[in-house]
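Student:
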């Protein structure tokens with residue numbers, strides 16, 4: 001294996017180990033030593049890749065955002081309906097939040113506004129723009145009411161998702177997340193779906209979020 | 001002044017100073033020394049009241065929750081309409097989040113699931129129960145659709161509020177919070193208001209959140 005590949009592997013191992021430690025004991029209590037031990041590397045090797053704990057946390061956030069946005073782009077390319085695209089993206093993120101510790105820790109760190117100064121706003125800005133475009137697409141496709149203000153609705157969906165997953169994390173350790181996001185979409189559709197498309201979109205949401213009766 | 005009053009005053013001063021420090025530099029970087037200096041007390045006096053930084057943070061959360069729920073109870077007693085009560089509570093909290101550093105820091109600490117182990121769930125549970133009762137009241141008063149599931153809707157409103165204020169904090173330092181919460185209520189009302197009451201409730205929301213045209 002080339003030296004560079006090994007360096008990439010070591011870096012990945014540190015990011016994954018750090019995500020586990022941040023999630024398990026919290027950012028404040030996860031020491032560099034804990035992270036190095038969990039990754040099976042020396043502190044020297046860790047400091048070769050990262051200058052500080054905050055730098056590692058930012059790498060966890062970046063890796064989380066990369067994984068989630070890559071999956072989101074694939075969904076966008078493969079899906080014709082903008083409303084379906086949004087629901088599939090939300091369901092995909094919910095599944096990753098349950099299954100992937102890097103995603104779970106990265107989102108928690110992003111939401112923990114108390115941790116960094118300045119806080120991390122780039123992932124939120126990305127999602128706001130993506131959903132503004134998709135809501136606009138859903139209006140154009142006759143899925144959402146023509147009176148829908150795309151920027152305002154996107155600027156509610158992203159924070160609402162953030163809050164639903166935050167409470168699901170605190171209250172059920174993400175156990176009810178996908179179901180709660182499905183309920184969020186039921187309410188959103190009742191508010192903004194074109195009446196003629198409401199039943200079809202509701203049935204689609206029930207299938208996507210596994211809440212079909 | 002009796003010794004007991006002085007002790008209460010000192011404790012309050014520490015809680016307020018700690019809230020400022022947690023908000024300004026983040027929980028991880030706010031040291032006991034910083035907090036004691038900001039409160040104008042010795043470290044010894046601080047340790048007379050609190051055993052650890054986490055204990056101070058939990059006191060900030062408790063004081064925040066006490067202030068906000070006391071105000072919420074007054075609103076509940078003074079307001080006949082359950083839908084109006086909910087909107088007034090949301091607007092009151094938005095104003096306190098802008099004006100009161102203890103409320104602002106307390107909510108940030110509550111939302112920062114990464115900070116404590118176990119995380120603080122009591123404030124969320126309180127709000128979920130309060131809003132479940134109020135949504136039920138709004139259905140009974142003919143303000144919301146009879147088909148509304150009170151527990152499910154409350155379990156969306158509280159997380160959605162949490163997320164809206166979290167993003168408003170990160171993106172605008174709470175500058176757009178009241179307006180964004182007003183937009184949240186426009187969407188909620190479109191989804192669940194009894195059609196015959198929709199315009200009246202919309203106008204009420206526009207007045208409460210200051211978005212009347």
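Chains as they are written, first to last, in the UniProt record's numbering: chain A, 1 to 213; chain B, 1 to 213.
We put the beta carbon where it would ideally sit given N, CA and C, even for glycine.
This one's a predicted model, so the numbers in the text were calculated from it and none came from an experiment.
(1) Can at least three beta-carbon pairs, one atom from the region 82-93 of chain A and one from the region 178-196 of chain A, be found at a separation below 8 Å?
(2) So, helix, strand or coil for residue 131/A, using DSSP?
(3) Please tell me whether residue 123/A has its Cβ less than 7 Å away from any Cβ of chain B.
(4) What is the DSSP secondary structure of residue 50/A, reduced to helix, strand or coil?
(5) Can you name the start and end residues of the alpha helix (DSSP H) that residue 33/B belongs to?
(6) DSSP state of residue 141/B, grouped into three classes?
(7) Output the boundary residues of the alpha helix (DSSP H) element that contains residue 172/B.
(8) Could you compute how far the alpha carbon of residue 176/B sits from the alpha carbon of residue 165/B?
(9) Residue 97/A and residue 124/B look like a contact to me (Cβ under 8 Å); what is the Cβ gap, rounded to whole Å?
(10) Please state the DSSP three-state secondary structure of residue 28/A.
(11) How about residue 39/A and residue 14/A: are their beta carbons less than 7 Å apart?
(12) Tell me, which residues are paired with residue 193/A by DSSP?
(13) Judging by CA-CA distance, which residue of 53/B, 171/B, 147/B, 163/B is the nearest neighbour of residue 214/B?
(14) What distance in whole Å lies between the Cβ atoms of residue 109/B and residue 59/B, which are believed to be in contact at a cut-off of 8 Å?
(15) Which residues of chain B have a Cβ atom closer than 8 Å to the Cβ of residue 164/A, listed in chain order?
(16) Find the residues of chain A that neighbour residue 46/B, judging by a C-beta separation of less than 9 Å, and give them in chain order.
(17) Does residue 121/B come out as helix, strand or coil in the three-state DSSP assignment?
(18) Residue 122/A and residue 22/A - do their beta-carbons sit closer together than 7 Å?
(19) Give me the chain B residues within the contact set of residue 94/A, using Cβ-Cβ distance strictly less than 7 Å, ordered along the chain.
(20) For residue 111/B, count neighbouring Cβ atoms within 10 angstroms of its own Cβ and tell me buried if that reaches 16, exposed if not.
Tutor: Per the coordinate set shown:
(1) yes
(2) Here residue 131/A refers to the residue found at position 131 when the first chain is read from its first residue. The answer is helix: DSSP assigns residue 131/A an H, G or I state.
(3) Counted from its first residue, the first chain places residue 123/A at position 123. With 7 Å as the cut-off, residue 123/A does not count as an interface residue toward chain B.
(4) Your numbering for residue 50/A matches position 50 in the first chain. Of the three classes helix, strand and coil, the one that applies to residue 50/A here is coil, per DSSP.
(5) For the purposes of this step, residue 33/B is taken as the residue at position 33 of the second chain. Where residue 33/B is concerned, the enclosing alpha helix (DSSP H) stretches over 32-39.
(6) Position 141 of the second chain, counted from the start, is the residue given in the question as residue 141/B. DSSP places residue 141/B in coil when its eight states are reduced to three.
(7) For the purposes of this step, residue 172/B is identified with residue 172 of the second chain, where counting begins at 1. Its alpha helix (DSSP H) spans residues 150-172.
(8) Against the second chain, residue 176/B aligns to sequence position 176. Against the second chain, residue 165/B aligns to sequence position 165. One C-alpha to the other measures close to 9 Å.
(9) Taking the first chain and counting its residues from 1, one reaches residue 97/A at position 97. Taking the second chain and counting its residues from 1, one reaches residue 124/B at position 124. So it is not a contact: roughly 18 Å between Cβ atoms.
(10) For the purposes of this step, residue 28/A is identified with residue 28 of the first chain, where counting begins at 1. The answer is coil: DSSP assigns residue 28/A none of H, G, I, E or B.
(11) In the first chain, the residue the question calls residue 39/A occupies position 39. In the first chain, the residue the question calls residue 14/A occupies position 14. A contact, by the Cβ cut-off of 7 Å.
(12) Here residue 193/A refers to the residue found at position 193 of the first chain. Bridge partners of residue 193/A: 144/A.
(13) Since the first and last residues shown for chain B are 1 and 213, residue 214/B lies out of range.
(14) Here residue 59/B refers to the residue found at position 59 when the second chain is read from its first residue. Here residue 109/B refers to the residue found at position 109 when the second chain is read from its first residue. In fact, because the Cβ distance is near 10 Å, the residues do not count as touching under 8 Å.
(15) Working through the first chain from its first residue, we reach residue 164/A at position 164. Going along chain B in sequence order, the residues near residue 164/A (Cβ under 8 Å) are 156, 159, 160, 163.
(16) By one-based count along the second chain, residue 46/B stands at place 46. Under the 9 Å cutoff, chain A gives no residues; its nearest Cβ is about 19 Å from residue 46/B.
(17) Here residue 121/B refers to the residue found at position 121 when the second chain is read from its first residue. Residue state, collapsed to three classes: coil.
(18) Locating residue 22/A in the first chain gives position 22, counting from the first residue. Locating residue 122/A in the first chain gives position 122, counting from the first residue. Result no, Cβ atoms of residue 22/A and residue 122/A do not sit closer than 7 Å.
(19) Counting from one through the first chain, the residue named residue 94/A turns up at place 94. Within chain B, no residue comes near residue 94/A; the closest Cβ sits about 13 Å away, beyond 7 Å.
(20) Here the question's residue 111/B lines up with position 111 in the second chain. The residue in question, residue 111/B, is buried, as its Cβ has 16 or more Cβ neighbours within 10 Å.
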